[in-house]
Structure formats: C-alpha cells, structure tokens
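First up is the structure itself, then whatever we jot down about it.
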Ligand SMILES: Nc1ncnc2c1ncn2[C@@H]1O[C@H](COP(=O)(O)OP(=O)(O)O)[C@@H](O)[C@H]1O
Ligand SMILES: [Mg+2]
C-alpha cells in the first residue's frame, strides 16, 4: 500500500506538484491522468525518490520512504519509462537481469526468470543475446516491462509506458500487459495523458491539473459524478466511448444514471 | 638501396644503444601516461559532477597543451632540474588534456535517460559510474588515451635535450652531426612505436564489453610493466656524471674521442646546450661539452680542460659561403675577410658574455665591436642584389651574423636577409646546399668533421 501525504515539489518559484495526497491499495491500479506538464512525472518520481519532494511524506506499507536507503527502496519498485531507458551496451538478457543481479540472485535463478518473462511477454528466446537497438520499439518496450518486473517487486511505477508506440503496436503491447498474471497482485501507479488508457487500465483515477488533484475516484465516478466543471469538460470529447466502456449491464444504479445523463444531454 | 643497407648496418652496430633508447622511450611514454591516467581520469569524472569546475580544469589542461614542448621542458628545469623528472612532468602535462577532455565528453555523452534508468533500478552512484557511465564512455576515453600515447611518443623525443634519454638521442645527434642514418635510427623506431601503440590501443578500444571485462585488468599491469622499462639498469662504475650535447656524443672530436684517446668512461647523459651550462653550475652535472667561447663559462665560473692529446681540431669561426655567390659579387670575399684574425677565443667569450649575461642585444654588441675595431660603416647606397645569411640558434652565431650583415651593408651596398633560427649544423648546411641561404658562420672543426666527414681514423692527425 502506498500513502502519499501532502506532497509538494517546487522548482524555484514554480510549483510542479502542489500538496497532493492519495493512497493506493495493495493490488490496485491507480492512474495519474492529466494534460502534459501538470506534474504527473514529477509526482511519480517522488515515489521512488528519483526526485526529492520539497515537503510532505510518502509511506509504502506503513514505512516512511525517507527513512530508507534510496537504493534499497528502488530495488523493490519496478519502474517503466516511456522511452525504455534500456542499457544500449547490455544484451536483452543482461538488461532484464540488472536488478536480480544487484540483489545477488544466483545465475540459474536469473536465467530461469529471464526466460520465463520473455515467454510471458511474447518475445522470442533468441532475442536474449540481442542488443536493444536490434529490436523494434514495441519489443523494446516489452523488454522494459520485463526488466521492471524481473525481481518481482510488489510496486510498479509506469510513466506513459505505451506513449511512444504507434496505435497498432500499442494495442498489442497493452493487450499482453493486461493479460500478465503477475500484474494482478501488484500495486501499480501508472501515468498517462490518454483518457481511454486511463479508463482501460485504472481501478481508480486521479485527474490532475496544475500540480493538484482535481478529482480522484473510480472511472465511473469521474464520468458521472464530476465535482468540478474541469472534470466534466476533460471527458466531454470522448464521453460516449468512455460511458460505453464503464457501464456494467448488471449495475442498475449506474445504468440509470447514464440513461438520465443521455436524456439530459439530448434536450 | 645503399642508404637502406648502411642504415641497417648502423642500427646493427648501435643495437645496444638503440635497444636502450627504445626501452627508455617506452618507459618515459608510459610512466607519464600512467600518471596522467591516475590524475586525468578522476579529474575528468569529478568535473562531470561539478560542472563549474569543468571550464577552468579543461582550460588549464588546454593551455598546457599549447605551450611549445621545448619551452615546457625549459620551464621544468628550474623546478625539477634535468633528467627523467622534468621530462616525465612535461609529458604528463601533455597527456593530461586528451584524457581529461575525453573522460568528460564521454561521460557527458551518455544518454541521461539511461543514467536515470540505472538510478531508478537501485544502482549506487559507484555502480552507475562503473557499469553505465564509464562503460558507455569507454570508446571515447580510449580514443583520448590513444591520442595521449601518440603525443607522448612524439614529444618524448625531446627528452634527449634534458638528459632523460630516449630515441631523441639519435634523432638530435644525427641532426647535429649531419648523419642521416643516425636520424633515421631514432626517427623510424619512434614512428613505428607510435603506430604500433596506437594500433594496439585501437584493438582495446573496439573490444566488446564482455571481452573488455575479462581482459581490461591487463591494461594497467601492462602499462606499469612498460613504465618500468625506463629504470632497467645500465651499469657504470664511476659516480661522475657528464652531460654532452647530442652532437658531441657522436663526434670523434667528442665523446668518441674521449673514450678512445683518453679512455674516459663516465656515465653520460645527452642534453641540449641551452641548459647544459646551468645544469653544471647547479651541480646536476659534473662534466659538460661546452663551447670554449661561450659566455656562460664566465657567468657560471666553469673551468675549461686542456686537450693535451689534441683530439679537437682548431675551432675558428669562419663564414661558409656558396661559391656561386662569391663569384657573382666579387666584392663580397674581401669584405668578409676583414674580420679574419680579429676574434680569438677570449674576445669571443667576452662578446658572448655581454649578450648572454649582460643581456645586450647581439646587434648592439656586434656594432660596438666593429666600431671599436674601426671597421664600422653606415650602410652604403643600396645596390641590386641580396645576400641571405643563416645562423644556428645560439648567441655567438647571432653576433657573428650581425657583424657580417653590417659589413656587407656598409662596404658593398648589397641587401642582407638574415635567417637566424636554423637548428644545427645539418640544417644550416642543408639550407646552404639547397640554395635557401648564401652563407652562415661555421667553425673549422665542425666543417672538417661533420660536413666533410673524413674517415674516423684520420681524425687523430687533425
Ligand atoms: N527539473 C525541473 N526543473 C524545473 N522545472 C521542472 C523540472 N521538472 C519538471 N519541471 C516542470 O514541472 C512541470 C511538471 O512537469 P512533469 O511532472 O514532467 O509534467 P507531466 O509529466 O505531467 O507532463 C512542467 O511545467 C515542467 O516544466
Ligand atoms: Mg511526464
């Protein structure tokens, strides 16, 4: 469980993240959603101490992360970058093995884990001895994901992990990602500016603007019970697809609400 | 073909010296390279962490690189004396820039995202440095090491000027002695050494990461081993230390004569005449091969030994003039002869002393002397025709050149061009032969031995 309390980050005069608080339950997927420049990346990087906050506290499983060695903390948190950040001088196998090796796993175990991740992410085994430049963008992103998952960290931070891919590749990587069993048990914070993606992947969404959280809640809460005009306007363009995607035909309450909403809109 | 043959013979004859000089050269190159690495690598890394220091550090190393090598060696002598220490210090300063700069740019060139990813995965600062930054900067850093090595092999030849040995002994000895084989016996191994080392290091540079991990430890070991070549013992019995110019070393009226005729076997280092006198004065050397007319004999209160076995032919300054020029300007010969018999050793020493110690300009000194001798005349009306006078690089030659120029201008009206800056006997003589200059002051002994080159046995008679 991750608990963020009143976290603030200023760069000189500029406040990138402004008194933000939220919690992520164990096994939950939380999406930080917002336009470019609203402070999502800054917020995410404070969770594994790539950026130190100006004020506020963060707890993981009840422990204040600022009481721990940053290196120790980071080895237990997987991190996926938009542009992979793979080591160009390491083979795919070596890239995936980075954290397990830092943790001192034995060779056999690392080998076994690497091979199994390659399989799960639908990467051919012969790629293990390739270098990142030899792979396509989609394949590199899968390796980036494998590398973040290698040491089986309980927490996963993902910064626009599908953002750099073309739509077709994105759909296929995302599909494999969603089918990964081992993600089910992980606590995930995912950053995106793509509303569709937020709805697809997030159990809960924090909508951010200008370094602050405007509204946090389940996708349908944001859609049907917006607390501010900003929230309503944010989803307006894609409202129809979004509503279709969140409505569970057995959830009568929501169904009626959606129906009302359509009726009002028609007037 | 004959040239190649005799060069080979020369190298075989002198194989002992050649081996010693080559080993010394390798040693000098690597001692300074190792020190430059020990200091340059950490400094290069440091300035990637402390950016404000990068400008001054790179600037300092850059300035060091622009100081002409001879000048840098000159600066070293008051601080470190002569011998290997100042040579190593100078080479170290030259090697510093490529190593610091390439370490810095290599690390700066690493994709920041890759560095961030390394941190994000829990690597410590040291792990990020070793496994990511240095690993990715490796080819660039190796390029810097290659540059530094080639520079060191090249500049290392100058070590011979300050008694630090190396292949420069042959090169500068050969230039001074007009001995092409000797020059090549030093220059060819030096060039081959530079090419070979550069090639070997290029192999390391291109090595893949895995090969590197398994072989890289060998590099420091090898570098240290090569450094140790410099101190390989070459035994001598006496404690007396002589410093001779490269020219003196190879002449039968020099070191060879001292060994064969006088049976003098003392430890000898090769040194440039520019620093030789001072080194003797500062007790760095016990015996030197001075010019009997050099003003510094007086300045530093040095004693001149008598050549009672007569290995030295008489050394009188005399103009060497192209025949063609003497014929074209018939008035030139008599004018130049006006100086004949007027300058003996003590007069010359006095003149040199004025220039070297009292800092008079060679021009004033020459003029004063001509006036005192009643020879001076204001320039005559200008006439068609130019005489080009060359000189070697030391004060006595400048004084003589000025005297000749004044006499020619005063008595003939011919114009005079002076080219004062020809490194040594060989360069002056080659310039004369190839019609670049018309005349230069030479010494009878040198003209006899170095230029006319009689067979070695004949010299005793001279
Ligand atoms: N190191 C920094 N120095 C100054 N400003 C920064 C720095 N990092 C981010 N910012 C600013 O903070 C704001 C939020 O950045 P970021 O968290 O990257 O936004 P997002 O990920 O939501 O696009 C942006 O306006 C950005 O320019
Ligand atoms: Mg961002």
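Chains as they are written, first to last, in this note's numbering: chain A, 1 to 267; chain B, 1001 to 1462. Don't be surprised by glycine CBs; every beta carbon is placed ideally from N, CA and C.
Is residue i near ligand 2, in the sense that its beta carbon is under 6 Å from a heavy atom of that ligand?
i, result
"residue 41 of chain A", "yes"
Taking the DSSP output, what are the residues bridged to residue i?
i, result
"residue 1318 of chain B", "B:1442"
"residue 8 of chain A", "A:55"
"residue 1152 of chain B", "Residue 1152 of chain B is not bridged to any residue."
"residue 158 of chain A", "A:80 and A:190"
"residue 14 of chain A", "A:11"
"residue 20 of chain A", "A:7"
"residue 63 of chain A", "A:60"
"residue 1162 of chain B", "B:1271"
"residue 1389 of chain B", "B:1418 and B:1439"
"residue 206 of chain A", "A:32 and A:216"
"residue 946 of chain B", "In the structure displayed, chain B extends from 1001 to 1462; residue 946 of chain B sits before or after that span and is not available."
"residue 2 of chain A", "A:24 and A:60"
Closer than 6 Å: is that where the CB of residue i sits relative to any heavy atom of ligand 1?
i, result
"residue 206 of chain A", "no"
"residue 54 of chain A", "no"
"residue 16 of chain A", "yes"
"residue 22 of chain A", "no"
"residue 36 of chain A", "yes"
"residue 81 of chain A", "no"
"residue 162 of chain A", "no"
"residue 11 of chain A", "yes"
Suppose you measure from the CA of residue i to the CA of residue j; what does that come to, to the nearest Å?
i, j, result
"residue 50 of chain A", "residue 1223 of chain B", "40 Å"
"residue 1068 of chain B", "residue 1097 of chain B", "15 Å"
"residue 1289 of chain B", "residue 1452 of chain B", "22 Å"
"residue 69 of chain A", "residue 1148 of chain B", "41 Å"
"residue 1395 of chain B", "residue 1315 of chain B", "17 Å"
"residue 1063 of chain B", "residue 1053 of chain B", "16 Å"
"residue 229 of chain A", "residue 164 of chain A", "30 Å"
"residue 1234 of chain B", "residue 1319 of chain B", "Since pLDDT at residue 1234 of chain B reaches only 49, below the 50 mark, its modelled position is unreliable, and no value is offered."
"residue 114 of chain A", "residue 1130 of chain B", "24 Å"
"residue 224 of chain A", "residue 1139 of chain B", "58 Å"
"residue 1104 of chain B", "residue 1044 of chain B", "5 Å"
"residue 141 of chain A", "residue 1205 of chain B", "30 Å"
"residue 196 of chain A", "residue 34 of chain A", "12 Å"
"residue 1392 of chain B", "residue 1100 of chain B", "38 Å"
"residue 1276 of chain B", "residue 1244 of chain B", "8 Å"
"residue 119 of chain A", "residue 126 of chain A", "11 Å"
"residue 1282 of chain B", "residue 1249 of chain B", "22 Å"
"residue 1133 of chain B", "residue 1076 of chain B", "36 Å"
"residue 193 of chain A", "residue 139 of chain A", "22 Å"
Any idea what DSSP makes of residue i, helix, strand or coil?
i, result
"residue 1349 of chain B", "helix"
"residue 1261 of chain B", "coil"
"residue 1289 of chain B", "coil"
"residue 1360 of chain B", "coil"
"residue 212 of chain A", "strand"
"residue 238 of chain A", "coil"
"residue 1435 of chain B", "coil"
"residue 1419 of chain B", "strand"
"residue 1274 of chain B", "helix"
"residue 74 of chain A", "helix"
"residue 1343 of chain B", "coil"
"residue 1283 of chain B", "coil"
"residue 1061 of chain B", "helix"
"residue 1136 of chain B", "helix"
"residue 96 of chain A", "helix"
"residue 1355 of chain B", "helix"
"residue 1055 of chain B", "helix"
Residue i touches chain B at which residues, Cβ-Cβ below 9 Å?
i, result
"residue 132 of chain A", "Here the premise fails: no neighbours, minimum Cβ distance about 10 Å."
"residue 74 of chain A", "1119, 1120, 1121, 1122 and 1123"
Can you list the residues of chain B that residue i reaches, using a CB-CB cut of under 8 Å?
i, result
"residue 99 of chain A", "1121 and 1122"
"residue 71 of chain A", "1122, 1123 and 1124"
"residue 79 of chain A", "1117, 1120 and 1121"
"residue 102 of chain A", "1121, 1122, 1123 and 1127"
Which residues in chain A have a C-beta closer than 9 Å to the C-beta of residue i? List them in chain order.
i, result
"residue 1132 of chain B", "87 and 89"
For a contact defined as C-beta to C-beta under 8 Å, what are the partners of residue i on chain A?
i, result
"residue 1114 of chain B", "85, 86, 87 and 88"
"residue 1216 of chain B", "Chain A residues near residue 1216 of chain B: none, gap ~14 Å exceeds 8 Å."
"residue 1191 of chain B", "Going along chain A, no residue has its Cβ under 8 Å from residue 1191 of chain B, so there is no contact; the nearest lies around 35 Å."
Could you work out which residues of chain A lie near residue i, taking near to mean beta carbons separated by less than 7 Å?
i, result
"residue 1209 of chain B", "89"
Using a cut-off of 8 Å between C-beta atoms, extract the partners of residue i located in chain E.
i, result
"residue 48 of chain A", "In the structure shown, chain E cannot be found, because the protein chains are A and B."
Sorry if obvious, but does the Cβ on residue i come closer than 6 Å to a heavy atom of ligand 3?
i, result
"residue 1144 of chain B", "As presented, the structure is devoid of ligand 3, carrying ligand 1 and ligand 2 as its sole ligands."
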